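Colleague: For reference, the structure I am asking about is given below.
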Amino acid sequence: MKKIEAIIQPFKLEEVKTALIAAGVEGITVSEVRGHGRQKGHTEVYRGHEYRVDLLPKVKLEMVVADSSVSPVIEALRAAASTGKIGDEKIFVAPIEEVIRIRNGEIGEAAL
Amino acid sequence: MNKFFPQGSAVVCLLGALLLPTLACAADDPAARMDALEAAAKSAQSAGDNAWMLTSAALVLLMTGPGLALFYGGLVRKKNILATMMQSFTMMAVITVLWAIVGYSLAFGAGSPFLGDLRYLFLNGVGAAPNADYAGTIPQQTFMVYQLMFAIITPALITGAFAERMKFSAMLLFMILWTLVVYFPMAHMVWGKGGFLNAFSGGAVPSFDFAGGTVVHITSGVSALVCALYIGKRVGYPESSTAPHSLVLSFIGACLLWVGWFGFNAGSALAASGLATSAFVATHFAAATAALGWMFAEWIENGKPSVLGGISGAVAGLVAITPASGFVKPMPALLIGFLAGLVCYFMVTVLKHKLGYDDTLDAFGVHGAGGTLGALLTGVFATNAVNDALKDASGKPAALGLVDGHTAQIVNQAIGVAIAWGLAIVGTFIILKIVDATIGLRVTKEQEIEGLDLVLHGEEGYTMES
Numbered sequence: 000m001k002k003i004e005a006i007i008q009p010f011k012l013e014e015v016k017t018a019l020i021a022a023g024v025e026g027i028t029v030s031e032v033r034g035h036g037r038q039k040g041h042t043e044v045y046r047g048h049e050y051r052v053d054l055l056p057k058v059k060l061e062m063v064v065a066d067s068s069v070s071p072v073i074e075a076l077r078a079a080a081s082t083g084k085i086g087d088e089k090i091f092v093a094p095i096e097e098v099i100r101i102r103n104g105e106i107g108e109a110a111l
Numbered sequence: 000m001n002k003f004f005p006q007g008s009a010v011v012c013l014l015g016a017l018l019l020p021t022l023a024c025a026a027d028d029p030a031a032r033m034d035a036l037e038a039a040a041k042s043a044q045s046a047g048d049n050a051w052m053l054t055s056a057a058l059v060l061l062m063t064g065p066g067l068a069l070f071y072g073g074l075v076r077k078k079n080i081l082a083t084m085m086q087s088f089t090m091m092a093v094i095t096v097l098w099a100i101v102g103y104s105l106a107f108g109a110g111s112p113f114l115g116d117l118r119y120l121f122l123n124g125v126g127a128a129p130n131a132d133y134a135g136t137i138p139q140q141t142f143m144v145y146q147l148m149f150a151i152i153t154p155a156l157i158t159g160a161f162a163e164r165m166k167f168s169a170m171l172l173f174m175i176l177w178t179l180v181v182y183f184p185m186a187h188m189v190w191g192k193g194g195f196l197n198a199f200s201g202g203a204v205p206s207f208d209f210a211g212g213t214v215v216h217i218t219s220g221v222s223a224l225v226c227a228l229y230i231g232k233r234v235g236y237p238e239s240s241t242a243p244h245s246l247v248l249s250f251i252g253a254c255l256l257w258v259g260w261f262g263f264n265a266g267s268a269l270a271a272s273g274l275a276t277s278a279f280v281a282t283h284f285a286a287a288t289a290a291l292g293w294m295f296a297e298w299i300e301n302g303k304p305s306v307l308g309g310i311s312g313a314v315a316g317l318v319a320i321t322p323a324s325g326f327v328k329p330m331p332a333l334l335i336g337f338l339a340g341l342v343c344y345f346m347v348t349v350l351k352h353k354l355g356y357d358d359t360l361d362a363f364g365v366h367g368a369g370g371t372l373g374a375l376l377t378g379v380f381a382t383n384a385v386n387d388a389l390k391d392a393s394g395k396p397a398a399l400g401l402v403d404g405h406t407a408q409i410v411n412q413a414i415g416v417a418i419a420w421g422l423a424i425v426g427t428f429i430i431l432k433i434v435d436a437t438i439g440l441r442v443t444k445e446q447e448i449e450g451l452d453l454v455l456h457g458e459e460g461y462t463m464e465s
């Protein structure tokens, strides 16, 4: 099993969600986060006082999938989240040792 | 503030006659009939004036809460929103008590040219009967509660200067002393019977301040500057971000201020008169051009017209037109507003940063600067075509400002401005010294970083978990 963590542009969330469901992902967790990669922020001005805003709002999606699903899910994610411009952010993949369903104690891929 | 009361018109008399059943029995006696008509006309005018003045009083209270509380609350960081709103709200409570006990008397008792006396202590004798010295057609109690709303918002304006770092207890003591030492004397000098600056009551220096350019805005704005300089900058200012946490709240607050200001300025006619309408129009016009002035200045300089710029401009225009509102025609009102937008924009965005003081919410840049500009321009544009309450020796309406050919009025206005500045600087400095020496002014550095909402009030403005 692998955990796929994707940071995307907030306005792409709906498209990405639809694509992931189509690719067979059963559950995702979404959080609003702030960050930046190579893309830098912008400047805001309040009554002549300039503020540099480096950390921009992004959306983080987390999902755990079976090894066999990793490639198709990443493909679906990239296709839906990409605008081709700087600021599209990244996908991280990490191994998962165990999954336990709290309700009934199922473990492994059956719990996904 | 002045006494312009249109006499009951024929229509009002007729209406009164229709409503008065005793007329039938008095029909045979012309004298009794005239008396009855007069009484009916008076009562009709009094009802109209009183309805407008009670409405105005409510509108002026609306300016403090929620108007100013939202305007200021949105401009601070979210950890300080409750503490900031609480400061304005507390003025609604504490100044009311002070006013009831001694404030009204010190401001409006005849007394000396500089301070009232104790004739209205505990509101003794302030009831339904009008006080002809101030407003002859409404209950004195209406006049009293209307003036109270001005005494509430004035200290509340100062809280913008020391927002995000002052102890609540220190704020409370400071405001009580400040209202006693600065506000009551200034209100008496400008509006009180026999006041030193009261043009309509034989003041030694006859200056014009229709709704509080000197009494409210200069005193609060200049005191705000003294507070900002004395208390010092916020931790991390200006290096770390102190950007407003919700301009949405500030926007709602500013629009409520704009609406409430009709009570403030048009209500200062103290009657539902043509003068009230004139002040209403001048007020609205100045807010409009000031919003545009600030907005365009910012657009040209930064490339973007900001929301905060637009609403700050509107407030600046409302401040500047306050002393002039009952004396100027609509076109000068447009000009006064526009100039206020530009001048306050410069004060807040350029001069403040050059001088380096931390007037958190720009109480000085908007109220001090806008009030001073408005008070001086009143001397230029005041005209008896708008306000004929002041008579010359021959009983004709006196020339008011420069546009009436009365150049000397600008000097009178400048003296009024200087007195307001002087009283505010000296009074505020002494009171800050006293409060600093007794209970201390600032929260600790750690408390300031944690945020005043939690530290001072044990609450949070935004609790996402609930």
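Chain order of the listed sequences is E and S.
Residues in the first sequence are numbered from 0 upward in steps of one, following numbering that gives the first Met the number 0.
Residues in the second sequence are numbered from 0 upward in steps of one, following numbering that gives the first Met the number 0.
Positions of the beta carbon are idealized from the N, C-alpha and C atoms, including for glycine.
In this text the structure is predicted, and so the values were computed from the model without any measurement.
Does residue 42/E come out as helix, strand or coil in the three-state DSSP assignment?
Modeller: Three-state result, residue 42/E: strand.
Colleague: Following the continuous alpha helix (DSSP H) through residue 70/S, name the residue where it begins and the one where it ends.
Modeller: Start and end: 68-74.
Colleague: Considering only the alpha carbon of each residue, which of 348/S, 444/S, 452/S, 259/S lies closest to residue 296/S?
Modeller: Selected option, being the one with the closest Cα: 348/S.
Colleague: With 16 as the cutoff for other CB atoms within 10 Å, does residue 315/S come out buried or exposed?
Modeller: Buried: at least 16 other Cβ atoms inside 10 Å.
Colleague: Nearest-angstrom Cα distance between residue 81/S and residue 461/S?
Modeller: If you take the alpha carbons of residue 81/S and residue 461/S, they lie about 9 Å apart.
Colleague: Spell out whether any CB of chain S is found under 8 Å from the CB atom of residue 105/E.
Modeller: No, no contact with chain S.
Colleague: For residue 106/E, which residues does DSSP report across the bridge?
Modeller: Beta-bridge pairing links residue 106/E to 99/E.
Colleague: State yes or no: is the beta carbon of residue 43/E nearer than 8 Å to at least one beta carbon in chain S?
Modeller: Yes, contact with chain S.
Colleague: With distances taken Cα to Cα, identify the nearest neighbour of residue 48/S among 266/S, 182/S, 394/S.
Modeller: Looking at the Cα atoms, 266/S is the closest of the given residues.
Colleague: Quick one: what's got a C-beta closer than 6 Å to residue 262/S's C-beta in the same chain, skipping five residues either side?
Modeller: The residues are 55, 58, 59.
Colleague: Measure the CB-CB distance between residue 429/S and residue 188/S and report whether it falls below 8 Å.
Modeller: Cβ distance not < 8 Å, so residue 429/S and residue 188/S don't count as in contact.
Colleague: Output the distance between the C-alpha atoms of residue 405/S and residue 396/S, rounded to the nearest integer angstrom.
Modeller: Each residue's Cα considered, the two are about 12 Å apart.
Colleague: Alpha helix (DSSP H) containing residue 42/S: first to last residue?
Modeller: 29-61 is the span of the alpha helix (DSSP H), which, as asked, contains residue 42/S.
Colleague: Can you check which of these residues, 90/E, 19/E, 92/E, 107/E, is closest to residue 98/E by C-alpha distance?
Modeller: Residue 98/E has its Cα closest to that of 107/E, out of 90/E, 19/E, 92/E, 107/E.
Colleague: Relative to chain S, which residues along the stretch 26-58 of chain E have a C-beta separation below 8 Å, given in chain order?
Modeller: The residues in question are 43, 44, 45, 46, 47, 48, 50.
Colleague: When we look at the beta-carbon of residue 222/S and count the other beta-carbons within 10 Å, is it buried (16 or more) or exposed?
Modeller: Label assigned to residue 222/S: buried.
Colleague: Which residue wins for smallest C-alpha separation from residue 321/S, given the options 307/S, 342/S, 284/S?
Modeller: Checked all of 307/S, 342/S, 284/S; the closest Cα to residue 321/S is 284/S.
Colleague: Give the straight-line distance between the Cα atoms of residue 5/E and residue 42/E, rounded to the nearest whole angstrom.
Modeller: If I take the Cα positions, the gap works out to 26 Å.
Colleague: How would you list, in chain order, the residues of chain E whose beta-carbon sits under 8 Å from the beta-carbon of residue 248/S?
Modeller: The contacting residues do not exist; residue 248/S stays about 14 Å from chain E at best.
Colleague: For residue 387/S, would you say it is in contact with chain E, using Cβ-to-Cβ distances shorter than 8 Å as the test?
Modeller: So, not an interface residue.
Colleague: Contact criterion: CB-CB distance below 8 Å. Does residue 237/S meet it with respect to chain E?
Modeller: Yes, residue 237/S counts as interfacial toward chain E.
Colleague: Residue 63/S to residue 101/E, Cα distance in whole Å?
Modeller: So the alpha carbons of these two residues sit roughly 53 Å apart.
Colleague: Straight-line CA distance for residue 26/E to residue 32/E?
Modeller: Cα to Cα, residue 26/E sits roughly 19 Å from residue 32/E.
Colleague: Using a Cβ-Cβ cutoff of less than 6 Å, which residues in the same chain neighbour residue 279/S once the five nearest sequence positions on both sides are dropped?
Modeller: Contacts found: 261, 265.
Colleague: I'd like to know whether the C-beta of residue 315/S is nearer than 8 Å to at least one C-beta of chain E.
Modeller: Judged by the 8 Å Cβ criterion, residue 315/S is not in contact with chain E.
Colleague: Please state whether DSSP places residue 265/S in a helix, a strand or coil.
Modeller: Three-state DSSP puts residue 265/S in a helix.
Colleague: Need the endpoints of the beta strand (DSSP E) that residue 57/E sits in, please.
Modeller: Counting along the chain, the beta strand (DSSP E) containing residue 57/E begins and ends at 55-64.
Colleague: If you pair each beta-carbon of the stretch 30-38 of chain S with each one of the stretch 239-258 of chain S, do three or more pairs fall below 8 Å?
Modeller: Verdict: no, contact absent.
Colleague: Taking the straight line between their C-alpha atoms, what separation do you get for residue 45/E and residue 68/E?
Modeller: About 48 Å.
Colleague: Determine the extent of the beta strand (DSSP E) in which residue 21/E is found, giving its start and end residues.
Modeller: Element bounds for residue 21/E: not the beta strand (DSSP E) but the alpha helix (DSSP H), 12-21.
Colleague: Which residue or residues does DSSP assign as beta-bridge partners of residue 330/S?
Modeller: The partner list for residue 330/S (beta bridge, DSSP) is empty, contrary to what the question assumes.
Colleague: By how many angstroms is the C-alpha of residue 340/S removed from the C-alpha of residue 9/E?
Modeller: In a straight line, the C-alpha of residue 9/E is about 38 Å away from that of residue 340/S.
Colleague: How about residue 35/E and residue 54/E: do their beta carbons lie closer than 8 Å?
Modeller: Yes; because the gap between Cβ atoms is below 8 Å, this pair is in contact.
Colleague: Quick check on DSSP: helix, strand or coil for residue 138/S?
Modeller: Three-state DSSP puts residue 138/S in coil, outside helix and strand.
Colleague: Could you tell me the distance, in whole angstroms, from the CA atom of residue 385/S to the CA atom of residue 147/S?
Modeller: Rounded to whole angstroms, residue 385/S to residue 147/S spans 27 Å at the Cα level.
Colleague: Relative to chain E, which residues along the stretch 292-309 of chain S have a C-beta separation below 9 Å, given in chain order?
Modeller: Listed in sequence order: 297, 300, 301, 303, 305, 307, 308.
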